[in-house]
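Chains as they are written, first to last, in my numbering: chain X, 1 to 20; chain E, 101 to 186.
So the structure is just underneath, and the comments pick up after that.
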Amino acid sequence: TNNRYISYGSLSKNNVPCSR
Amino acid sequence: KPCPVNFEFMNYTIITSRCKGPRYPADLCCQAFKDFACPYAEDLNDLENECSSTMFSYINLYGSYPPGLFASLCRDDKVGLICPAS
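Put into structure tokens, the structure is as follows:
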């Protein structure tokens, strides 16, 4: 079975500028 | 907690060759993103480490993507972006 996914918690890091 | 994956010198062309501005089509960009990121799903989903932030820093750097592009573009299922079966 395949239950691999990229969580939205992980994806939300895309919103954080790296300087913060 | 350090990230066990070294995202610095990875080949990002899997994303940058397919996901392009100014339109950034969601189907192409999100599929490309998943093709790159899914092998590292377990480490990326561990929010105790810096993997996800680090990976996005390099994706945005190599692709000159606007901040938050993938977060605003990509939606699959309620748990997240579904990865293809390996």
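Note that CB positions come from ideal geometry on N, CA and C, so glycine has one too.
What you are looking at is a predicted structure, and each value in this text was computed from that prediction instead of being measured.
*Residue environment, A185 of chain E, which counts as buried when at least 16 other CB atoms sit within 10 Å*: The residue labelled residue 185 of chain E in the question sits at position 85 within the second sequence. Flag for A185 of chain E reads exposed.
> Does S153 of chain E get closer than 7 Å to chain X when you measure Cβ to Cβ?
Replying inline: As a first step, residue 153 of chain E is located in the second sequence; it is residue number 53 there, counting from the start. True, the Cβ-Cβ gap to chain X drops below 7 Å.
| Are the region 117 to 130 of chain E and the region 2 to 9 of chain X in contact at 8 Å, needing three or more beta carbon pairs? | No, they do not touch.
Self-check item: Sheet register partners of S7 of chain X (DSSP bridge)
Solution: Position 7 of the first sequence, counted from the start, is the residue given in the question as residue 7 of chain X. In the DSSP output, where bridge partners are listed per residue, S7 of chain X has E:G180.
Excluding the 5 residues flanking R135 of chain E on each side, which residues of the same chain have their C-beta closer than 6 Å to its C-beta?
Here residue 135 of chain E corresponds to residue number 35 of the second sequence, with the count starting at 1. Residue identity check: residue 135 of chain E is Asp in the sequence provided, not Arg. Cβ neighbours of D135 of chain E beyond the five flanking positions: I114.
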